[in-house]
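Trainee: This structure is in structure tokens; I'll ask about it shortly.
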Amino acid sequence: MSMFKISFVGEARQEFQETVPRLYYAILKNDTRTVLKIIKNNSALLRTAITRAEETVLHIAAGAKHVQLVKELVKLMEENDLALQDCKGNTAFCYATISGSIDIAIILMNKNKNLPLIRGGQGMTPLYMATLFGHNKMSWFLYPITKKILEQGEWIGIFFTCINSDLFGLALKMLEDDSELAIARDVNNDTALHILARKTYILCYQTPRLWTWKSSSDITSSLVPSFRKSLKNQALQLVRSLWNEILVRLPESKVNNLINKPSSLLFEAAELGNFQFLAELIHAQPDLVWDVDEKNRTIFHIAVLNRHSKIFNLIHEIGSVKDVIITYQDDDNNNILHMAATLPPPSKLDHKLGGTLQIRKEISWFKEVQKHMMPSYAHMKNSKGLTPLDIFNTTHESMLKDGERWMKSTSKSCLMVSILIFVGVLITTSQDSYDNEGRNSNWLNSVALSSSFFSTLTFLSIITSSYPKVLASLHFKLIIGLATIFISLTTMLVAFNGGLSLT
């Protein structure tokens, strides 16, 4: 329903141009008294477009979520006035829907019950707008009112919009009302499961630990962890319901076609680390572990390649099958250990860690995967003639150099300290030292001397070692070196303190 467009001339036009800005800003400021006073002086403004978008005062008030102002304006309007549309075809009820204000929606509906059924811009229903903007309560409020007028295409569109907007509860309700939605596809030819396979941030959400430090932005996003947990549970239930419905409705050949087109949702989930999603699907259909992608890789190969340990650990739950799957090779004859040796994508690396800690993490991952392999697979060559260790050294060369540079720089600094301690303690050992109780404290000097000597040798061995070849032992040596230098420093200070107290 189009609104009135009044043309003014002369003084009337000037008065209108002066009044409209005052009215507009009074609405935004929720100044009910001023708004009603202006409208009382010129009642035509109640039904007139006052913006370039052809919005009425009710549109603006509803969009700004001013409940009391809307209530007062509605009292002055006729039922049909509430159906006035802006230049895009949106009613004030559409504005209330977009803003998520159920209170305003109820006020408007009490005056005109047909408002939820009046389509807005681009023919969208208010329900679709509510789901598009992720307003859960508003969507539930409008669903029973609107579903009877929805065409099949709109019905499917709203279902997928619910999933995209994380309104999993309503999506579950729609699936209960129409099980055909389990095999429906959106405009991108994706099924609901394809979309959920990418919802890692929801399905893999973990409640933050109490002691974990958070920035202000993190705190804002996790003020209600119970809500996030509830959202995760709803999403998991939706995955179960969709998957069970698919398995019941379709033969195996069509199930494979559904989950592999337009892309394989299994391998998307594996690449993104969507552990919970995969666990649900495999639990109901264990044979999925045999599926391979276009390069002959299973989900476990993809998990190893992308460093998703939880998905890889699912291999322990598939029994003796793992002994076969672990031997699979891709089209380039890479086994799963070759993939563990490959440098992961930058997005999978923890850039907060330095080169040394990162390379140590990579080595730990390589060794963890190697535990599941027969020893011969560690020496197996791919089509390029490279073993897993060859690939590791090649792809991690830059990281190895960074780690070596840091390790040797740190060791040199610590070596100087340990030498100074050794020399200092050596000088004092020529004199008898007694603590403040008269007991001989040479044993403290002996401990300090031996530990500083040991730390000196340790740091020397690190500096002179070939870093890549003995990487694992170097990290252990560094820890030992730091521990012994701490012991020597502590005992030296205690011994010196005993000597000073006697002077």
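Residue numbering for the sequence shown follows the numbering used here, starting at 51 and increasing by one per position.
Virtual Cβ for every residue (Gly too), placed ideally from N, Cα, C.
Nothing here was measured: the structure is a model prediction, and the numbers come from that model.
1. Drop a sphere of 10 angstroms on the beta-carbon of ASN140, count the other beta-carbons inside from all chains shown, and report buried for 16 or more, exposed for fewer.
2. By Cβ distance below 7 Å, which residues in the same chain neighbour ASN383 in space, the five residues on each side in sequence not counted?
3. Give the single residue among LEU407, VAL374, SER370, TYR427 whose Cα lies nearest to the Cα of ALA390.
4. Have a look at ILE206, GLN202, PRO166, ASP216 and flag the residue whose alpha-carbon is nearest the alpha-carbon of HIS185.
5. With a CB to CB cut of under 7 Å and the five nearest residues on each side skipped, what residues in its chain are close to ASN162?
6. At what residues does the alpha helix (DSSP H) containing TRP340 begin and finish?
7. Use the C-beta contact count for GLU344: other C-beta atoms within 10 angstroms, 16 or more gives buried, fewer gives exposed.
8. Could you give the uninterrupted runs of the beta strand (DSSP E) lying entirely in the region 326-391, keeping only those of 3 residues or more?
9. Please report the distance separating the alpha-carbon of ASN283 from that of LYS223.
10. Would you decide whether ASP268 is buried or exposed? Buried here means 16 or more other CB atoms lie within 10 Å of its CB.
11. Determine the direct distance from the alpha carbon of HIS429 to that of PHE509, and round the result to whole angstroms.
12. Sort CYS137, LEU407, SER189, GLN172 by Cα distance to ALA155 and report the nearest one.
13. Around the C-beta of ALA103, are 16 or more other C-beta atoms found within 10 angstroms, so that it is buried, or is it exposed?
14. Among ALA353, ILE100, PRO166, which residue has its Cα nearest to the Cα of LYS398?
15. Taking C-alpha atoms, which residue in GLU295, SER538, GLY323 lies nearest to PRO473?
16. By the three-class DSSP mapping on this structure, what secondary structure does THR437 have?
17. Take ILE89 and list the residues in its own chain whose beta-carbon comes closer than 6 Å to its own, dropping the five residues that flank it on each side.
18. Thinking LEU316 and LEU338 are a contact (beta carbons under 8 Å), I'd like their distance in whole angstroms, please.
19. What's the call for PRO166, buried or exposed, on a 16-neighbour Cβ count within 10 Å?
20. Counting along the chain, where does the alpha helix (DSSP H) carrying TYR251 start and finish?
21. Whole angstroms is fine: what's the gap from ARG120's alpha carbon to GLN135's?
Mentor: If we stick to the structure as given:
1. Here residue 140 corresponds to residue number 90 of the sequence shown, with the count starting at 1. So ASN140 counts as buried.
2. As a first step, residue 383 must be located in the sequence shown, where it is residue number 333. These residues qualify, in order along the chain: ASN432, SER433.
3. For this step, residue 390 is matched to residue 340 along the sequence shown. For ALA390, the nearest C-alpha among the options comes from TYR427.
4. On the sequence shown, position 135 is the one that residue 185 refers to. That would be ASP216, whose Cα lies nearest to the Cα of HIS185.
5. Numbered from its first residue, the sequence shown carries residue 162 at position 112. Closer than 7 Å at Cβ, skipping near neighbours: GLU129, LEU132, ALA133.
6. Reading the sequence shown from its first residue, position 290 is the one you call residue 340. For TRP340, there is no enclosing alpha helix (DSSP H), as DSSP gives it neither H nor E.
7. Mapped onto the sequence shown, residue 344 falls at position 294. GLU344 comes out exposed.
8. Annotation note: the region 326-391 contains no uninterrupted beta strand (DSSP E) run of length 3 or greater.
9. Walking along the sequence shown from the start, residue 283 turns up at place 233. Walking along the sequence shown from the start, residue 223 turns up at place 173. Computed Cα separation, rounded: 15 Å.
10. One-based indexing of the sequence shown puts residue 268 at position 218. The pLDDT assigned to ASP268 is 45, lower than 50, so where the model puts this residue is not dependable; a value taken from the coordinates is nonetheless given after this. Result: exposed.
11. Within the sequence shown, numbered from 1, the residue matching residue 509 stands at position 459. Within the sequence shown, numbered from 1, the residue matching residue 429 stands at position 379. Their backbone Cα atoms lie some 32 Å apart in a straight line.
12. Counting from one through the sequence shown, the residue named residue 155 turns up at place 105. Nearest C-alpha to ALA155: SER189.
13. Within the sequence shown, residue 103 is the residue found at index 53, counting from 1. ALA103 should be labelled exposed.
14. Numbered from 1 along the sequence shown, position 348 holds the residue referred to as residue 398. Minimum Cα distance to LYS398 is reached at ALA353.
15. Here the question's residue 473 lines up with position 423 in the sequence shown. One point to set straight first is that residue 473 is Val, not Pro, in the sequence displayed. The residue among GLU295, SER538, GLY323 with its C-alpha nearest the C-alpha of VAL473 is SER538.
16. Here residue 437 refers to the residue found at position 387 when the sequence shown is read from its first residue. THR437: coil per DSSP, three-state reduction.
17. The count along the sequence shown starts at 1 and reaches residue 89 at position 39. Counting only Cβ-Cβ distances below 6 Å, and skipping sequence neighbours, we find LEU95, LEU96.
18. Residue numbering aside, residue 316 sits at position 266 when the sequence shown is read from its first letter. Residue numbering aside, residue 338 sits at position 288 when the sequence shown is read from its first letter. Between LEU338 and LEU316 the Cβ distance is about 6 Å, and since that is below 8 Å, they are a contact.
19. One-based indexing of the sequence shown puts residue 166 at position 116. Within 10 angstroms of the beta-carbon of PRO166 lie 16 or more other beta-carbons, which makes it buried.
20. On the sequence shown, residue 251 is found 201 positions in, with the first residue counted as 1. 250-253 is the extent of the alpha helix (DSSP H) around TYR251.
21. Along the sequence shown, read from residue 1 onward, the residue named residue 120 stands at position 70. Along the sequence shown, read from residue 1 onward, the residue named residue 135 stands at position 85. As written in the sequence, residue 120 is Val, which differs from the Arg given in the question. Computed Cα separation, rounded: 16 Å.
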